[in-house]
Amino acid sequence: MKDLIEIFSLALNQFTGIKSWSRRTSNVILFDSSQAASEIAFMLGGEWDRCNGVLVPNADEVAINTAAKLVGASWCYTGADAALLIRLMADELLRRYAAGQRNFTNANLRCSNLKQCLLSEVNLSWANLSQANLSGSNLSRSDLTAANFGEANLSKANLSQASLARTNLTKANLSLADLRGVDLTKADLREADLREADLRGANLLLADLREADLDRANLSGANLKDAKLTEADLERAILSDDSISD
Numbered sequence: 004m005k006d007l008i009e010i011f012s013l014a015l016n017q018f019t020g021i022k023s024w025s026r027r028t029s030n031v032i033l034f035d036s037s038q039a040a041s042e043i044a045f046m047l048g049g050e051w052d053r054c055n056g057v058l059v060p061n062a063d064e065v066a067i068n069t070a071a072k073l074v075g076a077s078w079c080y081t082g083a084d085a086a087l088l089i090r091l092m093a094d095e096l097l098r099r100y101a102a103g104q105r106n107f108t109n110a111n112l113r114c115s116n117l118k119q120c121l122l123s124e125v126n127l128s129w130a131n132l133s134q135a136n137l138s139g140s141n142l143s144r145s146d147l148t149a150a151n152f153g154e155a156n157l158s159k160a161n162l163s164q165a166s167l168a169r170t171n172l173t174k175a176n177l178s179l180a181d182l183r184g185v186d187l188t189k190a191d192l193r194e195a196d197l198r199e200a201d202l203r204g205a206n207l208l209l210a211d212l213r214e215a216d217l218d219r220a221n222l223s224g225a226n227l228k229d230a231k232l233t234e235a236d237l238e239r240a241i242l243s244d245d246s247i248s249d
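Mapping the sequence shown onto my numbering, position 10 (from 1) lands on 13, and the numbers just tick up by one.
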């Protein structure tokens, strides 16, 4: 890895001709860990601030994105409107939750193993939980607004009364999940596995359910107004007479 970083740094400096620069014309870029900032500062010929910031002479986003991808980091400009996803290990999340903390907005928990965990009333809005394993976990009454659960395993999870508005659940496994009273307004559920899921009273207003598998799902009292249902499997789903009414 070190050799690869050195090769990238040499190539980048030869291409851009960056040798020295003035702080007055620099841009401060923030990364999601101090280790990533240190390595990327070396690659970009920038100056590491000993924390998670790097001062670079030119904000060449192509170079920054390439370097960030090489070390698996996320980044943003100082003062950017979009919040940086902070890396968080599963055991650290559970330790802090047990200590009473509930706010983990923007946490980066991609691929984390949180199987059968108690996380009721947690705030994971805007968090990255893509490909995470949360099967059998209790996330009832949680704020999961706009979180990324793409390809996550939420089978048999308790998500009752949770907020999942604008959440990305593409290709997520929600089979046998408890989704009673869940707010899924504008949620992206394309190709999601919702077999035998309990969606009684769920709000699916404007949700995208294209190609979702809803075989034997219970949608009694659910609001499916303006939901996208193209190629969704609803053949054996339990539906109220007014579920898809205008």
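Ideal Cβ positions, reconstructed from N, Cα and C, are used throughout, including at glycine.
Between the alpha carbons of Ala215 and Arg239 lies a gap of roughly 13 angstroms. A Cβ-Cβ separation of about 12 angstroms leaves Leu137 out of contact with Ala165 under the 8 angstroms criterion. If you keep only unbroken alpha helix (DSSP H) runs of at least 4 residues inside the region 65-114, you get 93-101. Secondary structure of Glu42 (DSSP, three-state): helix. Going by C-alpha positions, Pro60 is about 26 angstroms away from Arg90. When rounded, the separation of the alpha-carbon atoms in Phe34 and Asn109 is 14 angstroms. When the five nearest sequence neighbours on each side are left out, the beta carbons in the same chain lying within less than 7 angstroms of the beta carbon of Glu199 are those of Ser178, Leu179, Arg219 and Ala220, in order along the chain. Here the C-alpha atom of Ala150 lies approximately 15 angstroms from the C-alpha atom of Ala210. At a cut-off of 4 residues, not a single continuous stretch assigned as alpha helix (DSSP H) sits fully inside the region 178-233. At a Cβ-Cβ threshold of 7 angstroms, Ala93 and Ser115 count as neighbours.
Contact between the region 63-73 and the region 98-108 is not established, with fewer than three Cβ pairs separated by less than 8 angstroms. Shortest Cα-Cα distance from Ala205 to any of Gly184, Val125 and Thr188 involves Gly184.
Ranking Ser140, Ala225 and Lys174 by CA distance to the CA of Ile241 puts Ala225 first.
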